[in-house]
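Okay, so the sequence shown: first residue is 8 according to this note's numbering, each after it adds one.
Structure first, then comments.
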Amino acid sequence: MKALFLICYILLHNILIAQESKKIIIGAKVHYGQVYIHTPVVKNVAGSKPYGVEIEFSRQPIDTASFNKCNCFPRNGIALTYFNFDNSILGTGTAISYFIEPSYKLSNSLRFNIRGAAGLIYVSKPYDVVKNPENKNYTTHINPYLQVGLGLGYNINDKLRMLLMGNFQHFSNGAFREPNRGLNWITGAVGFLYHPESTRLPDYKKVSAKSLIDKKIYVDAGVLFVPTQGYNSKIMGKSRVIAGTFLQATKQYGRISAVTGGMEAYYNKLTLQTGDESRSVAGIHAGHSFILGKLNFSQQIGYHLYNGDNKASKVYLRYGLLYPISRHIVAGINLKSHADNADFTDFRIMYRF
């Protein structure tokens with residue numbers, strides 16, 4: 008699983024604004040794990056055991072409206088994470104990310120947590136033809152960063168909660184520059200959350216999901232754009248510009264779930280060893296989207312109806328983040344990939360009907 012994406016820095020300001028019915032929470036964790044070798048190309052870093060520390064600041068809504076969206080208490084905030092990758096080829100990394108962590112009450116003291124985080128990571132030893140030619144995982148100092156996790160939380164007392172988490176982390180530059188196989192690693196984490204007010208959560212009656220589902224079908228029409236990318240060995244050249252258009256429909260069917268379907272077409276202007284060349288691509292796609300407040304996180308599978316880029320596979324994957332700027336204008340970022348190879352990361356803006 009290569010190259011995810013993307014990143015939701017546009018929401019970072021949300022947690023810095025005080026709101027009623029929100030608990031302030033401060034936390035810290037320690038991580039220890041192992042690098043996951045997702046392709047033989049990066050087997051030279053096999054056996055590496057990353058370790059690190061994480062500190063975070065978050066808010067947790069405890070009002071009924073927030074609870075009704077997922078029958079849980081979603082916590083969101085900013086995390087700062089440092090990793091030593093336990094390998095002279097990989098070096099170290101420092102990530103800042105925005106996270107969402109729904110918390111489900113199993114009892115008065117025990118909770119089940121699901122975590123998703125996205126941001127940026129600065130890594131210390133990118134590929135260099137002279138200084139670090141063995142690094143096939145990453146080529147740029149700054150890369151998009153992703154973390155997902157599952158775990159349990161236990162209230163030690165009225166102010167302190169202990170966490171046990173299992174996490175998957177990934178970063179890559181989204182095919183901006185090669186080599187770019189990305190880095191995947193799995194960690195176990197132990198941590199503590201400090202609640203200045205109280206670790207206790209209110210008891211609310213669960214509301215039927217049907218009453219919360221938006222019955223309207225939304226249609227988005229927009230444009231996408233990709234700036235100049237680095238050299239790509241597969242096409243023996245680089246994309247100077249990618250621009251296109253798309254049409255997509257979205258229908259909510261659960262508290263935080265929606266189904267999506269649409270079509271896209273784009274134009275790719277390339278500089279190859281044989282000279283300049285222009286290619287066109289058209290495809291259809293369908294998938295799922297998580298509705299996380301105003302933020303939508305989508306996962307789609309697509310099929311090329313016309314593939315002027317001559318990619319080996321007609322099937323592709325898309326992962327994206329969308330955020331409404333106004334009632335009708337939505338902006339986002341989207342990663343397209345083929346199997347474990349990133350194709351490109353695009354920026355998009357659309358009009359929602």
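Think of the CB as a built atom: it goes at the ideal place given N, C-alpha and C, for glycine as much as any other residue.
Remember, it's a predicted structure, so these values are computed and weren't measured experimentally.
Distance CB(residue i)-CB(residue j) smaller than 9 Å
| i | j | result |
| --- | --- | --- |
| Val60 | Val52 | no |
| Tyr326 | Phe297 | no |
| Ile7 | Glu271 | A question about residue 7 goes unanswered here, because the residues of the chain that appear run from 8 up to 360. |
| Leu171 | Leu200 | no |
Coil, strand or helix - residue i by DSSP
| i | result |
| --- | --- |
| Pro331 | strand |
| Thr99 | strand |
| Ala35 | strand |
| Val137 | coil |
| Ala216 | helix |
| Lys258 | strand |
| Lys50 | helix |
| His295 | strand |
| Tyr145 | coil |
| Gly181 | coil |
| His345 | strand |
| Asn164 | coil |
Closest residue to residue i among the options (Cα-Cα distance)
| i | options | result |
| --- | --- | --- |
| Leu113 | Gly158, Asp93, Ala272 and Ala124 | Gly158 |
| Leu324 | Thr46, Arg334, Asn314 and Asn348 | Asn348 |
| Ile33 | Glu204, Gln306, Asp227 and Phe119 | Glu204 |
| Trp192 | Gly40, Phe199 and Ser218 | Gly40 |
| Ile128 | Ile103, Ile107, Leu117 and Arg118 | Ile103 |
| Thr352 | Ser344, Arg359 and Tyr358 | Ser344 |
| Pro81 | Thr257, Ser65 and Glu284 | Ser65 |
Delimiting residues of the alpha helix (DSSP H) encompassing residue i
| i | result |
| --- | --- |
| Phe74 | Thr71 to Cys77 |
Unbroken beta strand (DSSP E) run spanning residue i, endpoints
| i | result |
| --- | --- |
| Leu64 | Correcting the residue type first, residue 64 is Phe in the shown sequence and not Leu. Residues Tyr58 to Pro68. |
| Ile308 | Leu302 to Asn314 |
| Phe199 | Leu190 to Tyr201 |
| Thr88 | Phe80 to Asn91 |
| Asn120 | Leu117 to Val130 |
| Leu231 | Ile224 to Val233 |
Residue i beta carbon near the ligand FMN (any heavy atom closer than 8 Å)
| i | result |
| --- | --- |
| Glu271 | In the structure shown, the ligand FMN is absent, as is every other ligand, since no ligand is present at all. |
Mind the definition here: the stretch 172-179 touches the stretch 137-155 only if three or more C-beta pairs lie below 8 Å; say whether that holds.
-> yes
Determine, using beta-carbon pairs with one atom in the stretch 186-198 and one in the stretch 127-146, whether at least three such pairs fall under 8 Å.
-> yes
Do three or more CB pairs link the stretch 124-142 to the stretch 334-343 at distances below 8 Å?
-> no
For the 8 Å Cβ check, are there 3 or more pairs between the stretch 118-125 and the stretch 66-75?
-> no
Determine, using beta-carbon pairs with one atom in the stretch 193-200 and one in the stretch 210-219, whether at least three such pairs fall under 8 Å.
-> no
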